[in-house]
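Quick note: the sequence shown uses our numbering, first residue 92, plus one each step.
The structure appears below as structure tokens.
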Amino acid sequence: MKKQLTISLLIVGFLVLATALVILFGSGYRLNFNRSGAIVSGTGLLVTTSSPNGAQVLINGHLTTATDNTINLAPGTYDVKIFKEGYFAWEKKIIIKNEVVSKADALLLPSAPKLESITNIGISNPVLDPGKTKIAYSVASQSAVKNGIYVLDMSSMPILTLQSSSTQITNDTINVFSKATLMWSPDSKEMLATIKLDLLSTTYLLNSKSANDTPSDVTETIASVNTSWLKLQSEKDKALMDSLSKKLKKQVTENYNILEWTADETKILYQASQSATLDRIIMPPLIGADSTPEVREIKKGGIYVYDIKEDRNYKILDSLPRKADNSPLDLKWYPDSKHLIYVHDQKIDIMEYDAGNQTTVYAGPFVDGYVFPWPDATKLVILTNLGNPNIAPNLYTIGLK
Numbered sequence: 092m093k094k095q096l097t098i099s100l101l102i103v104g105f106l107v108l109a110t111a112l113v114i115l116f117g118s119g120y121r122l123n124f125n126r127s128g129a130i131v132s133g134t135g136l137l138v139t140t141s142s143p144n145g146a147q148v149l150i151n152g153h154l155t156t157a158t159d160n161t162i163n164l165a166p167g168t169y170d171v172k173i174f175k176e177g178y179f180a181w182e183k184k185i186i187i188k189n190e191v192v193s194k195a196d197a198l199l200l201p202s203a204p205k206l207e208s209i210t211n212i213g214i215s216n217p218v219l220d221p222g223k224t225k226i227a228y229s230v231a232s233q234s235a236v237k238n239g240i241y242v243l244d245m246s247s248m249p250i251l252t253l254q255s256s257s258t259q260i261t262n263d264t265i266n267v268f269s270k271a272t273l274m275w276s277p278d279s280k281e282m283l284a285t286i287k288l289d290l291l292s293t294t295y296l297l298n299s300k301s302a303n304d305t306p307s308d309v310t311e312t313i314a315s316v317n318t319s320w321l322k323l324q325s326e327k328d329k330a331l332m333d334s335l336s337k338k339l340k341k342q343v344t345e346n347y348n349i350l351e352w353t354a355d356e357t358k359i360l361y362q363a364s365q366s367a368t369l370d371r372i373i374m375p376p377l378i379g380a381d382s383t384p385e386v387r388e389i390k391k392g393g394i395y396v397y398d399i400k401e402d403r404n405y406k407i408l409d410s411l412p413r414k415a416d417n418s419p420l421d422l423k424w425y426p427d428s429k430h431l432i433y434v435h436d437q438k439i440d441i442m443e444y445d446a447g448n449q450t451t452v453y454a455g456p457f458v459d460g461y462v463f464p465w466p467d468a469t470k471l472v473i474l475t476n477l478g479n480p481n482i483a484p485n486l487y488t489i490g491l492k
């Protein structure tokens, strides 16, 4: 009887010990050996991913693994480098904490991106719609039948038909719409085309999805159209603000001049409307959040990104630099909601939302101010004549995959 009891106790003890060891192993504890003998020490986990995958991972200069893998590391700060042939290297300091999962998620950008034309008839004044899936532009260099306003739908375009992907929505037999200034409605269903001839200005309301054989002249009722569009935009803005907690909404209202939300509505690009100290919204701070040092002391005029999910704030620029005509340089979200596009000094850079890994992806000729992201984040669209002043500029894609 005693023997059976002893065996049962041993089995129970073994199961308890095994369970404890499994829990400790899953929490990152490992058996290590040093001069004093074997010790059990805690570790953290580093999950490495990349796009494209299959890249090499260096930890403190040592080739350790490939991406799409998980590494156990002792607590501390590590220099992590992810690289693949034909792409710019990705580098970051990552803090590993005991029993915490940290991430190294690298967007690898090609060092020799492919340039491909979308249009070949010469275009001007391209404008991206609020939904960031369509580009409207005008053509004035062709026959009267081809002149007019076109809409390029980037969300439904097969890559093999880039040259024939645009839809003509106005026919310009009198060479009017080819000179129009375009403005999208907040819902992307309509646009205003304003034509200035001498001192006379005429505005037409156009359907963005089909041909406008008899465009509606709204010159005398433009105030009503603007009021309707402002109401649509304010409703969209209100819906975004109402998604925030009461405390965060107050902080955003008082301190942020919002420049742009990410597509997934989890981050805000903004210019500080005043100098202030940002309150903590999430207490205690989340475990395993981005280990890049954040900035809670914001300065008026500075450019920042606030991460709503992690309650972290990152400084991007001291201020938004301006062009020679005093208009601000271009800074906008990349469609993956994790990166920013920064256009400056005739260069196009892509950086992470915490300002890390700023990489110049294009430094060739392009018309300043006309850089648009492709909806699926595979490329950028630019307006360029490839440095030839004797030809009209066209839309080109810069491949980023």
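We put the CB at the ideal spot given by N, CA and C, even for glycine.
Residue i: CB within 7 angstroms of a non-hydrogen atom of the ligand FAD
i: L219; result: Judged by which ligands are present, the structure shown has none, so any question about the ligand FAD falls away.
Which listed residue (the options) has its alpha carbon closest to that of residue i
i: S208; options: I187, S256 and F174; result: S256
i: G135; options: D170, L408, I187 and K391; result: I187
i: I240; options: K225, T224, D263 and K340; result: D263
i: I150; options: V386, T161 and L288; result: T161
i: P277; options: V218, S366 and S142; result: V218
i: Y397; options: S279, L369 and T156; result: L369
i: T140; options: Y395, D304 and A157; result: A157
i: T383; options: I313, E443 and L360; result: E443
i: K237; options: S246, M245, T258 and D244; result: T258
i: G392; options: R403, A483, Q362 and P412; result: Q362
i: S232; options: N481, G460 and I489; result: N481
i: G145; options: I173, A271 and L137; result: I173
i: P59; options: V458, L491, K337 and T294; result: The shown model of the chain, from 92 to 492, leaves out residue 59, and the question about it has no answer.
i: S366; options: I373, Y395, K338 and D355; result: Y395
Residues near residue i in its chain [Cβ-Cβ closer than 8 angstroms; skip 5 each side]
i: K438; result: T451, Y453 and A454
i: N125; result: In this prediction, N125 scores a pLDDT of 44, lower than 50, which makes its location untrustworthy; the coordinate-derived value is nonetheless stated afterwards. Cβ within range, chain order: n/a, list empty.
i: T344; result: M332
i: L323; result: S276, P277 and D278
Three-state secondary structure assigned by DSSP to residue i
i: N476; result: coil
i: F457; result: coil
i: V567; result: With the chain running from 92 to 492 in the structure shown, residue 567 is simply not present.
i: K270; result: helix
i: N238; result: coil
i: L219; result: strand
i: I394; result: strand
i: I212; result: coil
i: I173; result: strand
i: V131; result: Only weak support is given to the placement of V131: the predicted model assigns it a pLDDT of 45, under 50, and the value that follows is read from those uncertain coordinates. It is a strand residue.
i: E443; result: strand
i: Q449; result: coil
i: T318; result: helix
i: K327; result: helix
i: S141; result: strand
i: I313; result: helix
i: K337; result: helix
i: S246; result: helix
Beta-bridge partners of residue i, as assigned by DSSP
i: W352; result: I359
i: I378; result: Note: I378 sits in no beta bridge, so no partner.
i: P201; result: Y178
i: Y295; result: A284 and D308
i: W465; result: BP columns for W465 are empty, so no partner.
i: S232; result: Note: S232 sits in no beta bridge, so no partner.
i: T168; result: I186
i: E388; result: T368
i: V434; result: D421 and I439
i: G490; result: K470
i: N160; result: T139
Beta carbon proximity, residue i to chain B, threshold 8 angstroms
i: I186; result: Among the chains in the structure shown there is no chain B, since it carries only a single protein chain.
Chain-order list of residues whose beta-carbon lies under 6 angstroms from that of residue i (same chain, five-residue window excluded)
i: K506; result: Since the first residue shown for the chain is 92 and the last is 492, residue 506 is missing from the structure and cannot be characterised.
i: V267; result: I286
i: A165; result: T134
i: N476; result: I482 and P484
i: S215; result: S229
Same chain only: Cβ atoms within 7 angstroms of residue i, ignoring 5 sequence neighbours per side
i: V462; result: D421, I432, V434, I439, L471 and I473
i: G447; result: K183 and T383
i: E385; result: R403, N404 and Y405
i: G460; result: D421
i: S202; result: G177, Y178 and F179
i: I489; result: P204, L206, V452, Y453, K470, L471 and I473
Any 3 or more C-beta pairs closer than 8 angstroms across the segment 347–354 and the segment 370–386: These segments do not touch.
Contact between the segment 302–311 and the segment 327–340 (3+ Cβ pairs under 8 angstroms): With the cut-off at 8 angstroms, the segment 302–311 and the segment 327–340 do not touch.
Inter-stretch contact (C-beta, 8 angstroms, three-pair minimum) for the segment 269–284 and the segment 216–230: In short, these stretches touch, since the Cβ pair count reaches three.
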